[in-house]
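Residue numbers (full-length UniProt numbering): 1 to 232.
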Amino acid sequence: MHPTYLFHTSFLHEPRDKCSTMTEEYFGLLKNEMDAIRKRDKGRKISNQESTSWQSNDGIERNPIFIGAIRQIKRVVRDEMMPFFGAKKDSFDIEFHNSWGNINGFGAWNSPHLHNGCFYSGAMYIRADGDEGDIHFIDKDPKVVGEIPAVPKLGDNIKILPRTGDLLLFPSACMHMVAPNLTDKERYSISFNFNVSLLDYKLGSNEDTLSRKDIKNLDNIWHIDENGDYIY
């Protein structure tokens, strides 16, 4: 009941999402382009902390070098995320709200924050070995008014060690932060926000078409296996 849906895949390590255009060479090209952007863009300070962190201004989605990556991110939303929610692939439009680049050097971190004004947010990792600072997703909705047993599936903080090619999609209201980079390497990533506009809403399991006002009447019942993972 009331889960938070975080989607984690990889264009380099997950067979389902590998494609001929998202290669190690292409990610190297994206890194080089981010270096070029940093030279001409002083960047901005929002959640990023320390002088070794850099965040570009918005507009990554309009950069010709990144168009292929944005296309593949939209494909994952269209073919995997939204069908998981029960929407047919042709029942919605995806619109990027904004996107920007991030480079975190030694000591750089991002304070806890949300992404206001959109449906879902995400990050794709351009250059990362998994040891340059975890990304933490924090449950800010208390569900227990007492002592909570220290068991894995009742934790209020999930951390991921991202690698090159990883893609994360998460609700815009999901509180998250990035731990300090304690290595001498720079981690490269892009972050983005997007909206999904429903057309005629179609259930993924049949041909029934529902209007937007009918969605509130749908019941979502999820089943889990013996490991606690969703069956869908």
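All residues carry an ideal CB built from backbone N, CA and C; glycine is no exception.
Taking the straight line between their C-alpha atoms, what separation do you get for residue i and residue j?
i: D35; j: H13; result: 25 angstroms
i: I184; j: E132; result: In the sequence as displayed, the identity of residue 184 is Asp instead of Ile. If you take the alpha carbons of D184 and E132, they lie about 9 angstroms apart.
i: D93; j: N110; result: 31 angstroms
i: I65; j: L30; result: 7 angstroms
i: D141; j: M177; result: 16 angstroms
i: I60; j: N98; result: 8 angstroms
i: L154; j: S91; result: 35 angstroms
i: G43; j: F106; result: 18 angstroms
i: G68; j: V76; result: 13 angstroms
Evaluate residue i with the Cβ neighbour count: other Cβ atoms within 10 Å of its Cβ, from every protein chain shown; 16 or more gives buried, anything less gives exposed.
i: S197; result: exposed
i: Y5; result: exposed
i: S20; result: exposed
i: S51; result: exposed
i: M82; result: buried
i: F150; result: In the sequence as presented, Phe is not what sits at residue 150; that position holds Ala. So A150 ends up on the exposed side.
i: G28; result: exposed
i: M22; result: buried
i: L182; result: exposed
i: F85; result: exposed
i: P162; result: buried
Tell me where the alpha helix (DSSP H) around residue i begins and ends.
i: L29; result: 24-40
i: K74; result: 67-76
What is the residue span of the beta strand (DSSP E) that residue i lies within?
i: E153; result: Checking the sequence, you will find Lys at residue 153 rather than Glu. It is not in any beta strand (DSSP E) - K153 carries neither H nor E in the DSSP assignment.
i: M1; result: Segment: none, M1 is in no beta strand (DSSP E) and carries neither H nor E.
i: S53; result: 53-55
i: R187; result: 187-198
i: A123; result: 120-127
i: L12; result: No beta strand (DSSP E) contains L12, which DSSP labels as neither H nor E.
i: G101; result: 92-104
Near residue i, what residues of its chain come up, given a Cβ to Cβ distance below 8 angstroms and the 5 sequence neighbours on each side ignored?
i: Y188; result: L30, K31, M34, G101, N102, I103, Y125, I126, R127, A128
i: E207; result: Model confidence at E207 stands at a pLDDT of 49, short of 50, so the residue's coordinates are unreliable; what they give is reported in the following sentence. Nothing listed; no residue qualifies.
i: N57; result: D41, G43, R44, W100
If you drop the 5 nearest sequence neighbours on each side, which residues of the same chain put their C-beta closer than 6 angstroms to that of residue i?
i: I160; result: I135
Exercise. How do the segment 102-122 and the segment 179-197 stand: do at least 3 beta-carbon pairs fall below 8 angstroms, yes or no?
Worked result: yes
Exercise. Should the segment 36-56 be regarded as contacting the segment 70-87, the criterion being three or more beta carbon pairs within less than 8 angstroms?
Worked result: no
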